[in-house]
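So for the sequence shown, our numbering puts the first residue at 373; every next one is plus one.
Each residue gets a CB set at the ideal place from its N, CA and C atoms; glycine is no exception.
Computed from a predicted structure; not experimentally measured.
Below: one structure, written as structure tokens.
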Amino acid sequence: SDTKADDEALHETIKLVSVKTAPPETDPAETDPPPQTPATHKPTLVVLHVWARLARYWRGERLIEVATKAGLTATDKNIFQFFHQNNSTTPLFHVANKTEPGTFEWDKMKQFKTQGVSLFMELPVFCSADEAFLLMHACAQRFADLLDGEILDRHHKPIEQQTIDEIHQMCRTMDGET
């Protein structure tokens, strides 16, 4: 089914990022100087929104099902968080309810409904910024595909490929790449 194929694609993306973030086995004498440390970069907030099409609502139970398939964890902060497999204590990005105050009431998800979610992360992160954005964008795409939603940019406009490319470029710059 498409859902199984989607699950496999997301897991392959996560595996790919995990492999890329593993330190290479090289002789320290042959390596270039380390790239800029994250502390030298000004914090940058990256935001993607996924909203239900045609002003529809998503049911809470279905939202939890999709979030779980996307590798998200429901936390005591009443939002979802994505924890990279290389760091289980610091979330890579967060997913909040579109509706203020942005939280979910876990014990009321049977009655809960929302018109969308917002995914956000503050860069720099503990791994490659570009790989972190790749994971966040894949998660947003997962919500859009499985809940009939649309990915929007930080201005709540349908996201364009140019915007995605610009975010990737900003992330690569932050990672010390060109």
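Every beta strand (DSSP E) of 3 residues or more that sits fully in the stretch 458-499 is shown, in chain order, as 463-469, 488-495.
Checking the DSSP bridge columns, you'll see L519 has no partner listed. Sixteen is the threshold: since fewer than 16 other Cβ atoms of the shown chains lie within 10 Å of the Cβ of Q457, the residue is exposed. The C-alpha of Q541 lies about 8 Å from the C-alpha of D502.
Setting aside the 5 residues that flank it on each side, K485 is surrounded in the same chain by Y429, W430, R431, G432, each with a C-beta closer than 8 Å to its C-beta; the list follows chain order.
Excluding sequence positions up to five before and after T416, its CB lies within less than 6 Å of the CB of L495, all in the same chain and listed in chain order. With respect to F452, L464 sits apart: the two C-beta atoms are not nearer than 7 Å. Shortest Cα-Cα distance from K480 to any of R434, H528, K529, I536 involves R434.
DSSP places A442 outside both helix and strand once states are collapsed to three, so it counts as coil.
If you look at T545, you'll find it in the alpha helix (DSSP H) that goes 533-546. Distance between M508 and R544, taken at the CA atoms: about 15 Å.
With contacts defined as CB atoms closer than 7 Å, R514 and A442 qualify as a contacting pair.
The C-alpha of A512 is placed about 25 Å away from the C-alpha of G548. Boundaries of the beta strand (DSSP E) around H421: 416-424. Under the criterion of beta carbons closer than 8 Å, H421 and S500 do not qualify as touching, at roughly 23 Å.
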